[in-house]
Amino acid sequence: MTDGTLETIDGRPALRFERTLSHSVERVWQAVSVPAELERWFPAAAAWTPKAGETFEAYGASGEVTEVDPPHRLAWTYAGQVYSFDLAADGAGCRLVFTHVIDDRGLSAQTATGWDAYLSRLEPYLDGEEISEQDAHAHWAETHERYAERFGVDPAPGRRFAAALRGEGGDA
Numbered sequence: 006m007t008d009g010t011l012e013t014i015d016g017r018p019a020l021r022f023e024r025t026l027s028h029s030v031e032r033v034w035q036a037v038s039v040p041a042e043l044e045r046w047f048p049a050a051a052a053w054t055p056k057a058g059e060t061f062e063a064y065g066a067s068g069e070v071t072e073v074d075p076p077h078r079l080a081w082t083y084a085g086q087v088y089s090f091d092l093a094a095d096g097a098g099c100r101l102v103f104t105h106v107i108d109d110r111g112l113s114a115q116t117a118t119g120w121d122a123y124l125s126r127l128e129p130y131l132d133g134e135e136i137s138e139q140d141a142h143a144h145w146a147e148t149h150e151r152y153a154e155r156f157g158v159d160p161a162p163g164r165r166f167a168a169a170l171r172g173e174g175g176d177a
């Protein structure tokens, strides 16, 4: 698995993940755009068509599909942040680039760790296997520390977040 990178887009911090998948662009498009497929590996499935200008609700926040170019690009905003999937043929497979423009660079390691775990579920899903969310997050602590060091951010917020999810207090 390839680590994500921290970049800047329009003056905001952005996480970028690139994956080479052994499935066609059309097959990967289905996995990233069809709600019933998206919910099998992504943190949440938006109830979308998707169609540019379409709005949706998820987890108490709203989003809007901003760009759709099947089977190559899907972009949306959610809770004020920008997300996109870009797909391109790569031999017999597909190169997927997932980008998330975030609000707080200080939370970049924590956010990158979560995306890393979810994206690790995509190829197995496409292969007909399923990795549980719990299994995908099994190495969360180590992955988080690696991202915090690489991005040069304080790991404490991510440690507190992980501890709270485990029902612990302190700086885990």
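Throughout the sequence shown, residue numbering follows our numbering, covering 6 to 177 in sequence.
Glycine included, every Cβ here is placed at the ideal spot set by N, Cα and C.
Please read these numbers as outputs of a predicted model, since none were measured by experiment.
Query, Result
"Under the three-state reduction of DSSP, which class applies to G9: helix, strand or coil?", "coil"
"Quick check on P160: buried or exposed, where buried means 16 or more other Cβ atoms within 10 Å of its Cβ?", "buried"
"Identify the continuous alpha helix (DSSP H) that holds T148 and give its terminal residues.", "W145 to F156"
"Once the 5 residues before and after A177 are set aside, which same chain residues still bring their CB inside 6 Å of it?", "Only weak support exists for where A177 lies, its pLDDT of 43 falling under 50; the value from the coordinates is given anyway. Here the set comprises R164, A167 and A168."
"Just to confirm before moving on: does the CB-CB distance between V106 and D91 stay below 8 Å?", "no"
"DSSP three-state label for F47, please.", "coil"
"Report buried or exposed for Y64, applying the criterion of at least 16 other Cβ atoms within 10 angstroms of its Cβ.", "exposed"
"Out of curiosity, what's the CA-to-CA distance linking Q86 and A49?", "15 Å"
"Along the chain, where does the beta strand (DSSP E) containing E134 start, and where does it finish?", "Unbroken run through E134: none, as it is neither H nor E."
"Assuming A66 contacts Y88 (C-beta within less than 8 Å), just tell me the rounded distance between them.", "Not really, about 12 Å apart at Cβ, beyond 8 Å."
"Hey, how far is the Cα of S125 from the Cα of A51?", "20 Å"
"Would you kindly report the start and end of the unbroken beta strand (DSSP E) that includes E69?", "A66 to D74"
"List the DSSP bridge partners of S89.", "A80 and T104"
"Under the three-state reduction of DSSP, which class applies to R24: helix, strand or coil?", "strand"
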